[in-house]
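Participant: Just so you know, the sequences run in chain order X and A. Last residue of the first sequence? That's 115 in the working numbering, and every number before it is there in order. Last residue of the second sequence? That's 229 in the working numbering, and every number before it is there in order.
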Amino acid sequence: EPEVTQTPSHQVTQMGQEVILRCVPISNHLYFYWYRQILGQKVEFLVSFYNNEISEKSEIFDDQFSVERPDGSNFTLKIRSTKLEDSAMYFCASKGSGGPTGELFFGEGSRLTVL
Amino acid sequence: GEDVEQSLFLSVREGDSSVINCTYTDSSSTYLYWYKQEPGAGLQLLTYIFSNMDMKQDQRLTVLLNKKDKHLSLRIADTQTGDSAIYFCAESWDYGGATNKLIFGTGTLLAVQP
Chain X
1 EPEVTQTPSH
11 QVTQMGQEVI
21 LRCVPISNHL
31 YFYWYRQILG
41 QKVEFLVSFY
51 NNEISEKSEI
61 FDDQFSVERP
71 DGSNFTLKIR
81 STKLEDSAMY
91 FCASKGSGGP
101 TGELFFGEGS
111 RLTVL
Chain A
116 GEDVEQSLFL
126 SVREGDSSVI
136 NCTYTDSSST
146 YLYWYKQEPG
156 AGLQLLTYIF
166 SNMDMKQDQR
176 LTVLLNKKDK
186 HLSLRIADTQ
196 TGDSAIYFCA
206 ESWDYGGATN
216 KLIFGTGTLL
226 AVQP
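1) Run through DSSP, which three-state label would Q59/X get?
2) Quick test of your reading: T196/A and E153/A, contact by CB under 8 Å. State the CB separation rounded to the nearest angstrom.
3) Can at least three beta-carbon pairs, one atom from the region 21-33 of chain X and one from the region 80-97 of chain X, be found at a separation below 8 Å?
4) Hey, is F45/X's beta-carbon within less than 9 Å of any beta-carbon in chain A?
5) Could you give the uninterrupted runs of the beta strand (DSSP E) lying entirely in the region 116-160 of chain A, keeping only those of 3 residues or more?
6) Just curious, the beta strand (DSSP E) that Q37/X is in, first and last residue?
7) Would you mind telling me which residues of chain X sit closer than 8 Å to G155/A, beta carbon to beta carbon, in chain order?
8) Could you tell me which chain X residues have their CB closer than 9 Å to the CB of G232/A, listed as they occur along the chain?
9) Going by alpha carbons, who is nearest to R80/X out of E108/X, N74/X and F61/X?
10) So does L84/X have its beta carbon nearer than 8 Å to some heavy atom of the ligand NAD?
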């Protein structure tokens, strides 16, 4: 069964360092997302990406964050200068079709710990 | 603003029915979803319901929507130990955009006792 894969599964970094989280969405999908879940809190929308550009982003997704689809298969989330409060589980997701009924497939998540 | 709330924990015995509840604040929500998260895994879509429906049944799962009270529930019949997981309620809107972002609840941890 096709699946969304994420790497690394866990990354520990020092505050102020740059981090890149990688995702390989399902191959024929067109819509890509990043969500995050701070421990004990809700899963929060960060950003959506379609047609090689950001289609929507949340207030959380400030200038420290960026996304890229560099090669047609990977979808990356970069945090330029990590803060303690960026520690969270980051989920990548992809969808094959637009509209709210297309099933959103999630990866297993990348846990980021900022020290 | 958009907000989705769930109770944090539910414990049931194997074979019993489980009912997980969710309340949401945005009455313009178009779709409401239930996701399941097993330990170490991503979120898996279980089912969704369109806002003009009251009920949807899918095998052991029954979703009830009370739009007046903004209340959504997920009933799992004949609950099994494999159903132990965190269950997330989520809402979305059909505004014609490409995004259809989801707003998630806090998640309910379902513990099934043998």
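The beta-carbon is built from N, C-alpha and C at its ideal position, and this holds for glycine as well.
Facilitator: Result, derived from the coordinates:
1) Gln is not the amino acid found at residue 59/X; the sequence shown has Glu there. In the structure shown, E59/X sits in coil (DSSP, three-state: anything other than H, G, I, E or B).
2) About 12 Å separates the two Cβ atoms, so there is no contact after all.
3) Two segments are said to touch when three or more pairs of C-beta atoms, one from each, lie closer than 8 Å; by this definition the region 21-33 of chain X touches the region 80-97 of chain X.
4) F45/X counts as touching chain A.
5) Taking only runs of at least 3 residues, the beta strand (DSSP E) segments lying wholly in the region 116-160 of chain A are 119-121, 124-128, 133-139 and 146-152.
6) In the DSSP assignment, Q37/X falls within the unbroken beta strand (DSSP E) covering Y31 to Q37.
7) For the C-beta of G155/A, the chain X residues within less than 8 Å are, from N- to C-terminus, E108.
8) Past the edges of chain A, shown from 116 to 229, lies residue 232/A, and the structure says nothing about it.
9) Between R80/X and the set E108/X, N74/X and F61/X, the nearest pair of CA atoms involves F61/X.
10) Among the ligands in the structure shown, none appear at all, so the ligand NAD cannot be discussed.
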